[in-house]
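In structure tokens:
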């Protein structure tokens with residue numbers, strides 16, 4: 001009788017395991033069907049090549065401190081507030097009404113660098129239009145930036161079939177080959193288009209068009225450089241192994257800490273040093289090109305798919321662990337034109353206006 005009960009128990013255990021296995025398969029299958037492109041991005045480590053820092057050190061080894069034109073180089077911006085993302089509220093775009101943020105742009109392949117750069121160019125244009133410059137706000141087309149960086153700057157270092165691009169290649173491409181808009185591309189964004197142009201390069205007629213709209217960059221070697229760039233109205237491209245996780249609510253925002261590592265590029269679009277003189281309570285706002293569900297919902301008016309890191313964390317990311325190894329992160333201030341003129345926007349007054 002005991003043996004019979006034992007056999008029956010094993011029989012039902014096998015049945016239970018089979019049911020659980022089937023349920024697990026049914027739960028996983030819809031994820032693969034709904035988001036195959038996103039799964040591809042995860043598998044390919046987001047698109048930042050492992051040697052990105054070595055290439056950055058070779059191409060941009062000794063940039064001086066960031067100084068915008070007409071900005072006092074002795075001015076300390078550490079206690080200031082500059083939310084460049086808020087400039088979007090006061091401009092209109094083809095897909096964005098007045099007083100609204102830009103819709104979230106989600107990458108579909110390993111083209112994170114081109115998304116971070118496109119966001120920075122667009123947000124820089126928003127800053128200038130909000131400051132009074134007469135110009136239409138346009139959205140740069142990421143596949144153009146991706147293809148120009150890989151084929152016109154990075155070839156043959158990045159072969160076809162290998163996704164990703166170096167931030168140092170992308171900023172050189174911006175300065176030499178400029179950018180085109182979504183309308184000028186004549187087709188919508190897709191991961192397959194980015195992969196195709198990343199292998200062949202953008203069409204020659206679009207390359208000629210892009211050259212009429214070139215920008216500029218400056219490598220920021222310290223968190224103080226990044227702070228100065230943001231406070232002068234210049235968003236930044238950040239290539240890093242910093243992986244956001246373990247979010248905590250602090251000073252009215254979602255602040256993340258580093259847990260593990262990845263290889264990714266994002267935009268730094270804001271700075272808030274008003275909470276404290278402690279670098280662990282001074283914050284940079286980061287915009288990602290992943291779905292909003294990848295990050296906690298913002299506690300304030302921050303854009304979806306964004307989060308905050310501390311100044312202390314960014315400083316550590318930009319410092320080399322020792323003299324023989326490069327740091328884990330590289331940052332470039334981005335301009336949509338040649339040079340870095342200073343903008344006179346009172347970000348603190350804008351903050352009060354939005355809160356009221």
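Residue numbers (UniProt numbering): 1 to 356.
Ideal placement from N, C-alpha and C gives every residue a C-beta, glycine not left out.
Nothing here was measured: the structure is a model prediction, and the numbers come from that model.
Closest by C-alpha distance to residue i, when choosing among the options
i	options	result
residue 71	118, 314, 231, 178	231
residue 245	133, 134, 262, 148	262
residue 267	112, 60, 52, 125	112
residue 48	177, 240, 193, 254	240
residue 56	346, 331, 345	331
residue 115	208, 170, 86, 186	170
residue 253	296, 269, 222, 290	296
residue 125	269, 318, 317	269
residue 176	208, 123, 185	208
residue 185	289, 164, 161, 210	210
residue 368	167, 151, 168	The shown model of the chain, from 1 to 356, leaves out residue 368, and the question about it has no answer.
residue 129	233, 163, 182, 178	233
residue 251	205, 288, 308	308
residue 94	212, 182, 156	182
residue 271	103, 294, 347	347
Residues bridged to residue i [DSSP beta-bridge criterion]
i	result
residue 96	93
residue 239	265, 330
residue 181	140
residue 284	271, 309
residue 341	69
residue 244	258
residue 249	254
residue 219	332
Residue j beta carbon less than 8 Å from that of residue i
i	j	result
residue 306	residue 286	yes
residue 329	residue 238	yes
residue 91	residue 138	no
residue 351	residue 81	yes
residue 228	residue 60	no
residue 345	residue 131	yes
residue 121	residue 142	no
residue 255	residue 248	yes
residue 174	residue 89	no
residue 321	residue 53	no
residue 274	residue 133	no
residue 65	residue 225	yes
residue 69	residue 123	no
residue 167	residue 265	yes
residue 318	residue 63	no
residue 158	residue 165	yes
Coil, strand or helix - residue i by DSSP
i	result
residue 11	No answer about residue 11 holds up, because its pLDDT of 45 lies below 50 and its placement is not dependable.
residue 25	Only weak support exists for where residue 25 lies, its pLDDT of 32 falling under 50; the value from the coordinates is given anyway. The answer is helix: DSSP assigns residue 25 an H, G or I state.
residue 152	helix
residue 126	helix
residue 336	coil
residue 82	strand
residue 160	coil
residue 348	helix
residue 74	coil
residue 289	coil
residue 40	Unreliable positioning characterises residue 40 in this predicted model, as indicated by a pLDDT of 41, which lies under 50. A coordinate reading is not provided.
residue 31	The pLDDT assigned to residue 31 is 27, lower than 50, so where the model puts this residue is not dependable; a value taken from the coordinates is nonetheless given after this. Here residue 31 sits in helix by DSSP.
residue 234	coil
residue 109	coil
residue 188	coil
residue 135	coil
residue 168	helix
residue 102	coil
residue 210	helix
residue 118	helix
residue 198	helix
residue 174	helix
residue 63	coil
residue 48	coil
residue 304	coil
residue 145	helix
residue 276	coil
Tell me, please, whether the region 215 to 232 touches the region 334 to 342 by the rule of three or more beta-carbon pairs shorter than 8 Å. yes
Would the region 189 to 203 count as touching the region 295 to 310 if we require 3 or more Cβ pairs under 8 Å? no
Tell me, please, whether the region 311 to 318 touches the region 264 to 282 by the rule of three or more beta-carbon pairs shorter than 8 Å. yes
At a cut of 8 Å, does the region 199 to 208 reach the region 143 to 150 through at least three beta carbon pairs? yes
Counting Cβ pairs closer than 8 Å, one from the region 95 to 109 and one from the region 185 to 194, do we hit at least three? With the cut-off at 8 Å, the region 95 to 109 and the region 185 to 194 touch.
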